Amino acid sequence: MKNQINALLLSAALAGLTGGTTVAAHASTNVSGQNGVRTTSASLLKAGLRYSGSADTAKHSCKGKNDCKGQGGCKSSDNGCKGKNSCKGKGGCATDGSPMPHAFLA
Amino acid sequence: MNLEAIQRAMAAAVLQPLTANEGMRAKTVDGRAMAEVAASFIAPNSRLNPFERLEIYNRQYWLRVLGSLAEDFPALRAVVGAARFDALAVAYLTEHPSRSFTLRNLGSKLVDWLKAHPEFAGRRHALAMDVARIEWAFVESFDSAERAPLTPAQIAALDGSSRLGLQPHLHLMVLHYAADELVLDLHKREKRLTSEAGVEHEEEERAPVNLPKVRRRATWLAAHRVDFSVYYRRLAREEFLTLEALRQARSLGEAIDAGFAESAIPERRRAACVQEWFGTWAELGWICAADGEA
Chain A
4 MKNQINALLL SAALAGLTGG TTVAAHASTN VSGQNGVRTT SASLLKAGLR
54 YSGSADTAKH SCKGKNDCKG QGGCKSSDNG CKGKNSCKGK GGCATDGSPM
104 PHAFLA
Chain B
1274 MNLEAIQRAM AAAVLQPLTA NEGMRAKTVD GRAMAEVAAS FIAPNSRLNP
1324 FERLEIYNRQ YWLRVLGSLA EDFPALRAVV GAARFDALAV AYLTEHPSRS
1374 FTLRNLGSKL VDWLKAHPEF AGRRHALAMD VARIEWAFVE SFDSAERAPL
1424 TPAQIAALDG SSRLGLQPHL HLMVLHYAAD ELVLDLHKRE KRLTSEAGVE
1474 HEEEERAPVN LPKVRRRATW LAAHRVDFSV YYRRLAREEF LTLEALRQAR
1524 SLGEAIDAGF AESAIPERRR AACVQEWFGT WAELGWICAA DGEA
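Chains as they are written, first to last, in this note's numbering: chain A, 4 to 109; chain B, 1274 to 1567.
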């Protein structure tokens, strides 16, 4: 009995894999534009997906850069970067313009 | 001083947290005068003395890493509060300074660190842990590798003893709270507070966030990437356990067994569930060949 149930579940898994792969292959042929982005929005919603809202390439793109020159948002303890063409080498750059965390005020 | 000694002295100074006035501390961790340390390997110029020249790098480092961490964990910041998050970030980054060429990896140890330091999360520690898990999973899913999903020919060759792989960008989480909706709401809030010019509304941003009531109940979640965007999806407990078993390189038959361990799903409904789950996973491209197999 146990073996029969296991065989049934295994068959169901394989059927699901086959069906899902077929749907994905069909979706991948419905490309939009030249970069071949899949038009799977309807499928994604049906699958219960929620957009995280965090896939912001611009946010991550500047990570790893050591030079804030030209990135804006210069900040230093006194007059910021006012009147300066570049904050490179001046110290105190914050590319997002964020204030100094209050933890330092403790 | 040789080069290694200079590099170590520089790193030690730069990695030391700033003072309340955003300046470099007057003393090193081991109690020496920072001005003397700076003068030992930095020459003054016409405008700045050695201390001031070194201070530039100390400030630059901390402003950058704190800003980056806050950017990756906006919901955690809202949950614990801005002031507490600032203290948390300084303590975490003091213990785990940037070690990578990319700031993307800065928060890689935050979840484990927060687990060991509940005092930094306050009374919402369990919720904060869940939120941090979700936000780190979003970072991971954003740029983890993507492998080719199983082909029909590969599927046709499967049996109960086969092992399967999962997409590297698929991240599975088990949470104490249904915190996914909260994270989504807080990310929307974060975007609203950031103007198109990238200037944050500081006062509103630091104001306490009135969080909606979040129910404490076990929640299983998957974060992954589709067409260069990160998505998440709630999973049934059995679905999560099956995927987790597949990730642990258990066979297909064993994974299905593991998924239904202590399950409340009646046996007559299980085949339909399994077919639906595997169908969805295949459609989303989650299932690949096992590691080391083509």
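Using N, Cα and C, we set each Cβ at its ideal position, and we do this for glycine too.
This structure is a prediction, so every number in the text was calculated from the model and none was measured.
- Message: So residue 6 of chain A contacts chain B; which residues on that side make the cut at Cβ distance below 9 Å?
- Response: In chain order: nothing, as chain B lies at least about 10 Å away.
- Message: Looking at the strands, I want to know which residues DSSP matches up with residue 1300 of chain B.
- Response: B:1306
- Query: If we ignore side chains and look at the alpha-carbon of each, how far apart do residue 1502 of chain B and residue 1460 of chain B end up?
  - Reply: 15 Å
- Does DSSP put residue 1370 of chain B in a helix, in a strand, or in coil? In this structure, residue 1370 of chain B counts as coil in the three-state DSSP scheme.
- In or out: residue 1367 of chain B buried (at least 16 other Cβ within 10 Å) or exposed? exposed
- Any beta-carbon of chain A closer than 8 Å to the one on residue 1301 of chain B? no
- Going by beta carbon distance, what residues of the same chain come within less than 6 Å of residue 1506 of chain B, once the five residues before and after it are set aside? 1495
- Item | Residue of B:1415, B:1530, B:1547 and B:1450 minimising C-alpha distance to residue 1493 of chain B | Of the listed residues, the one whose Cα sits closest to residue 1493 of chain B is B:1450.
- Task: Give a yes or no on whether the minimum CB-CB distance between residue 1490 of chain B and chain A is below 8 Å.
- Result: No, no contact with chain A.
- Query: Counting pairs of Cβ atoms below 8 Å between the region 1428-1444 of chain B and the region 1517-1528 of chain B, do you hit three or more?
  - Reply: yes
- Can you tell me the Cβ-Cβ gap for residue 1397 of chain B and residue 1447 of chain B, rounded? I've got them flagged as a contact below 8 Å. With 8 Å as the limit, residue 1397 of chain B and residue 1447 of chain B do not qualify as a contact, their Cβ atoms being about 18 Å apart.
- Query: Helix, strand or coil: how does DSSP classify residue 1315 of chain B here?
  - Reply: coil
- Give a yes or no on whether 8 Å exceeds the smallest Cβ distance from residue 1447 of chain B to chain A. no
- Message: Any beta carbon from chain A within less than 8 Å of residue 1433 of chain B's own beta carbon?
- Response: yes
- Message: Only counting the same chain, and skipping five residues up and downstream in sequence, which positions put a Cβ closer than 8 Å to that of residue 1339 of chain B?
- Response: 1359, 1362, 1363 and 1366
- With burial defined as no fewer than 16 other Cβ atoms inside 10 Å of the residue's Cβ, what is the status of residue 58 of chain A: buried or exposed? Because the pLDDT at residue 58 of chain A is just 46, under 50, the model does not fix this residue reliably, and the value given afterwards should be weighed accordingly. The residue in question, residue 58 of chain A, is buried, as its Cβ has 16 or more Cβ neighbours within 10 Å.
- Task: Taking 8 Å as the threshold, find out whether the region 10-25 of chain A comes into contact with the region 1555-1567 of chain B through three or more Cβ pairs.
- Result: Contact annotation: the region 10-25 of chain A touches the region 1555-1567 of chain B, with at least three C-beta pairs closer than 8 Å.
- Message: Would residue 1511 of chain B and residue 1532 of chain B be called neighbours here (beta carbons separated by less than 8 Å)?
- Response: yes
- Task: Could you check how far apart the C-beta atoms of residue 1297 of chain B and residue 1314 of chain B are, in whole angstroms? I think they sit under 8 Å.
- Result: 15 Å between Cβ atoms; not a contact.
- Query: Buried or exposed: which applies to residue 1385 of chain B, given that a residue is buried once 16 or more other Cβ atoms fall within 10 Å of its Cβ?
  - Reply: exposed
- Ordered along the chain, which non-local residues of its own chain (more than five positions away) have a Cβ less than 6 Å from that of residue 73 of chain A? Only weak support exists for where residue 73 of chain A lies, its pLDDT of 36 falling under 50; the coordinates are left without a value.
- For residue 1276 of chain B, count neighbouring C-beta atoms within 10 Å of its own C-beta (all shown protein chains included) and say buried if the count is 16 or more, exposed if not. It counts as exposed.
- Query: Would you call residue 1380 of chain B buried or exposed, if buried means 16 or more other Cβ atoms sit within 10 Å of its Cβ?
  - Reply: buried
- Message: Tell me which residue opens and which closes the beta strand (DSSP E) that residue 1438 of chain B is part of.
- Response: 1437-1439 is the extent of the beta strand (DSSP E) around residue 1438 of chain B.
- Query: In whole angstroms, what separates the C-alpha of residue 1371 of chain B from that of residue 1284 of chain B?
  - Reply: Their Cα atoms are separated by approximately 11 Å.
- Item | Neighbourhood of residue 1327 of chain B by C-beta distance below 7 Å, restricted to the same chain and skipping five residues each side | 1286, 1297, 1311 and 1315
- Report, in whole angstroms, the separation of the C-beta atoms of residue 1383 of chain B and residue 1394 of chain B, which I expect to be a contact under 8 Å. Rounded, the Cβ-Cβ distance is 11 Å, inconsistent with contact.
- Return no unless some Cβ of chain A is closer than 8 Å to the Cβ of residue 1496 of chain B. yes
- Query: Quick one, are the C-beta atoms of residue 1561 of chain B and residue 1430 of chain B less than 8 Å apart?
  - Reply: no
- Message: Tell me which residue opens and which closes the alpha helix (DSSP H) that residue 1446 of chain B is part of.
- Response: Taken as a continuous stretch (DSSP letters only), residue 1446 of chain B belongs to no alpha helix (DSSP H), being part of the beta strand (DSSP E) at 1444-1450.
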